[in-house]
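Residue numbers (the numbering used here), protein chains in the order written: chain A, 1217 to 1459; chain B, 18 to 279.
Don't be surprised by glycine CBs; every beta carbon is placed ideally from N, CA and C.
I have placed the structure first, in the form of structure tokens, so that the comments after it can refer back to it.
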């Protein structure tokens, strides 16, 4: 997938979250957004998800400009898979129903087809045993994997992850990261925010470094990790790689 | 001895052993009996159940009227409560303020005063002649203010992250209400709602002030005819308990069933 941003800006009251972000990625592949907290990573991801409307600038997916009418946004959101940090799942529904509900109500599956497809996905992600459990009966890692299954179920054109493992303990982090790596292997376009720098190094094709609402560097991950050009990114990498 | 009258401190699920429940229950019953026996023996009350028994049909009629009025008011109050709760969350400010003012006025004034003002001023101005209709409306408006707060708290207890997830999935706003908020709010508000309905039934007794021939008014009339106060009012208390106790027990039951970890 081709992704272009031109002068995208977004403020929350006085607080400028993005100050004119421009970039062009010919192929998103697995793109990791990197940078210190408050740098604008989440805001950028939420704009891509259609959850936030930028104050100015344009976002182009495969050359197609994103529009911000309620109808367009709704259509856009339905074509994107998004996984948040935690509490993605609806607590009153089982894992199976969490996946089946959007298929049925948003994507026009019959109830039976939705349930069958949801079960098939849970089987593929080794979660079939948990199909009838509610989120309260699942571990944090299992919840996140079900949430990823739900995001994948709609056959999205782009998958977005907003720190999907930062609420998990190390063991569970691994099982979620394994799953994301697997999705990458399938060649799905992914944009990911993560603090697991080792994982980012391993899976990132493209890297975008955001600092105080600006993109300071972006490009092929291997090159950026090896030779950061800006002092800000050098300092950041030095910090996160220290231990 | 201790084990008959005390709960274990480390008893997490609040279970009480049957022996302890019986022993403590009987003790309380005995103490209450003693108290009542003392009170009645002091006033040397001359019971006259026959006179009151002759009017038993009046009790039944009044009781049924209370049931009917309460049931109708419950339905209407639920509707008012829901609309008010939604109005308090709308982005259209005038509606928001209106809902807020309605809620504060009702909750800040005595029900009795509301009945009088509504009956003698508002209903009169709008030409509502049927006093039963007036009674149902005012009871529903009174209860609706409290129900709106229950519902609002229920809606607000749904975490922001869930609404975000629902939005990201591509649910429309009505779909979010229908599939995400409503099922969860229902579980949460059922216990307090049941409690509010019990209150509504009791509060309906105040409608006797505008001569609505419900349970309390009928009991008052029987008292006036027979001059037998307690024989009129004890069945009255019993009649209300007959309605509120099952609701209260049902509410406790619901609370237990829906207590799921989030």
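In or out: residue i buried (at least 16 other Cβ within 10 Å) or exposed?
| i | result |
| --- | --- |
| residue 1411 (chain A) | exposed |
| residue 1249 (chain A) | buried |
| residue 22 (chain B) | exposed |
| residue 278 (chain B) | Residue placement at residue 278 (chain B) is poorly supported in this model, since its pLDDT is 45, which falls under 50; the coordinates still yield a value, given next. Residue 278 (chain B) should be labelled exposed. |
| residue 1433 (chain A) | buried |
| residue 1371 (chain A) | exposed |
| residue 1463 (chain A) | Nothing can be reported for residue 1463 (chain A), as the shown portion of chain A is limited to 1217 through 1459. |
| residue 108 (chain B) | exposed |
| residue 259 (chain B) | exposed |
| residue 39 (chain B) | exposed |
| residue 1448 (chain A) | buried |
| residue 80 (chain B) | buried |
| residue 174 (chain B) | exposed |
| residue 135 (chain B) | buried |
| residue 195 (chain B) | exposed |
| residue 185 (chain B) | buried |
| residue 1458 (chain A) | exposed |
| residue 147 (chain B) | exposed |
| residue 1270 (chain A) | buried |
| residue 1329 (chain A) | exposed |
Under 8 Å, do residue i and residue j count as touching if we go by C-beta distance?
| i | j | result |
| --- | --- | --- |
| residue 1299 (chain A) | residue 1360 (chain A) | yes |
| residue 1218 (chain A) | residue 1279 (chain A) | yes |
| residue 1369 (chain A) | residue 1319 (chain A) | yes |
| residue 1415 (chain A) | residue 1251 (chain A) | no |
| residue 1405 (chain A) | residue 1245 (chain A) | yes |
| residue 199 (chain B) | residue 271 (chain B) | no |
| residue 1276 (chain A) | residue 1220 (chain A) | yes |
| residue 229 (chain B) | residue 149 (chain B) | yes |
| residue 1422 (chain A) | residue 1403 (chain A) | no |
| residue 1381 (chain A) | residue 1395 (chain A) | no |
| residue 1391 (chain A) | residue 1357 (chain A) | yes |
| residue 1308 (chain A) | residue 201 (chain B) | yes |
| residue 1426 (chain A) | residue 1256 (chain A) | yes |
| residue 1373 (chain A) | residue 1295 (chain A) | yes |
| residue 219 (chain B) | residue 257 (chain B) | yes |
| residue 91 (chain B) | residue 217 (chain B) | yes |
| residue 1351 (chain A) | residue 1317 (chain A) | no |
| residue 193 (chain B) | residue 180 (chain B) | yes |
| residue 1379 (chain A) | residue 1301 (chain A) | yes |
| residue 1343 (chain A) | residue 1362 (chain A) | yes |
| residue 1424 (chain A) | residue 1247 (chain A) | yes |
| residue 20 (chain B) | residue 37 (chain B) | yes |
| residue 332 (chain B) | residue 125 (chain B) | The structure shown does not extend to residue 332 (chain B), since chain B is modelled only from 18 through 279, so no value can be given for it. |
Write down the C-beta distance between residue i and residue j rounded to the nearest angstrom, noting that I regard them as a contact closer than 8 Å.
| i | j | result |
| --- | --- | --- |
| residue 161 (chain B) | residue 94 (chain B) | 4 Å |
| residue 1273 (chain A) | residue 1233 (chain A) | Wrong, their Cβ atoms sit about 13 Å apart, outside the cutoff. |
| residue 1192 (chain A) | residue 1431 (chain A) | With chain A represented from 1217 up to 1459, any question about residue 1192 (chain A) goes unanswered, as that position is not in the structure. |
| residue 1348 (chain A) | residue 1312 (chain A) | 7 Å |
| residue 232 (chain B) | residue 264 (chain B) | In fact, because the Cβ distance is near 16 Å, the residues do not count as touching under 8 Å. |
| residue 212 (chain B) | residue 268 (chain B) | 6 Å |
| residue 86 (chain B) | residue 152 (chain B) | 6 Å |
| residue 1377 (chain A) | residue 1408 (chain A) | 4 Å |
| residue 1236 (chain A) | residue 1225 (chain A) | 5 Å |
| residue 1297 (chain A) | residue 1375 (chain A) | 5 Å |
| residue 41 (chain B) | residue 98 (chain B) | Their Cβ separation, rounded to whole angstroms, is 38 Å, which puts residue 41 (chain B) and residue 98 (chain B) out of contact at 8 Å. |
Could you check whether the Cβ of residue i sits closer than 8 Å to any Cβ belonging to chain E?
| i | result |
| --- | --- |
| residue 200 (chain B) | This model lacks chain E altogether, as its protein chains are A and B. |
How is the alpha helix (DSSP H) around residue i delimited, first residue to last?
| i | result |
| --- | --- |
| residue 222 (chain B) | From DSSP, residue 222 (chain B) is part of no alpha helix (DSSP H); its letter is neither H nor E. |
| residue 1360 (chain A) | 1356-1369 |
| residue 1313 (chain A) | 1311-1321 |
| residue 254 (chain B) | 246-274 |
Residue i: beta carbon under 7 Å from a heavy atom of the ligand MN?
| i | result |
| --- | --- |
| residue 125 (chain B) | Absent from the structure shown: the ligand MN. Ligands present: none. |
Between which two residues does the beta strand (DSSP E) harbouring residue i extend?
| i | result |
| --- | --- |
| residue 1449 (chain A) | Not the beta strand (DSSP E): residue 1449 (chain A) falls in the alpha helix (DSSP H), residues 1447-1456. |
| residue 1430 (chain A) | 1430-1436 |
| residue 1407 (chain A) | 1406-1409 |
| residue 132 (chain B) | Run containing residue 132 (chain B): none in the beta strand (DSSP E); it sits in the alpha helix (DSSP H), 128-134. |
| residue 1296 (chain A) | 1296-1299 |
| residue 1247 (chain A) | 1246-1250 |
| residue 1218 (chain A) | Premise fails: residue 1218 (chain A) is in no beta strand (DSSP E) and is neither H nor E. |
| residue 1237 (chain A) | 1231-1241 |
| residue 1462 (chain A) | The requested residue 1462 (chain A) does not occur in the structure, where chain A is confined to residues 1217 to 1459. |
| residue 1273 (chain A) | 1272-1277 |
| residue 1375 (chain A) | 1374-1378 |
Quiz prompt | the region 152-171 of chain B in contact with the region 101-114 of chain B per 3-pair CB rule at 8 Å | solution = yes
Quiz prompt | Cβ contact check for the region 51-71 of chain B and the region 1287-1301 of chain A: 3 or more pairs under 8 Å | solution = no
Exercise. Count the C-beta pairs between the region 238-254 of chain B and the region 75-84 of chain B that are closer than 8 Å, then say yes if the count reaches three, no if not.
Key: yes
Exercise. Decide yes or no for the touch test of the region 1254-1273 of chain A against the region 142-159 of chain B: beta carbon pairs closer than 8 Å, at least 3 of them.
Key: no
Self-check item: Given 8 Å, three or more beta-carbon pairs between the region 221-233 of chain B and the region 1327-1336 of chain A
Solution: no
Self-check item: Touching by the beta-carbon criterion (3+ pairs, under 8 Å), the region 62-70 of chain B and the region 242-251 of chain B
Solution: yes
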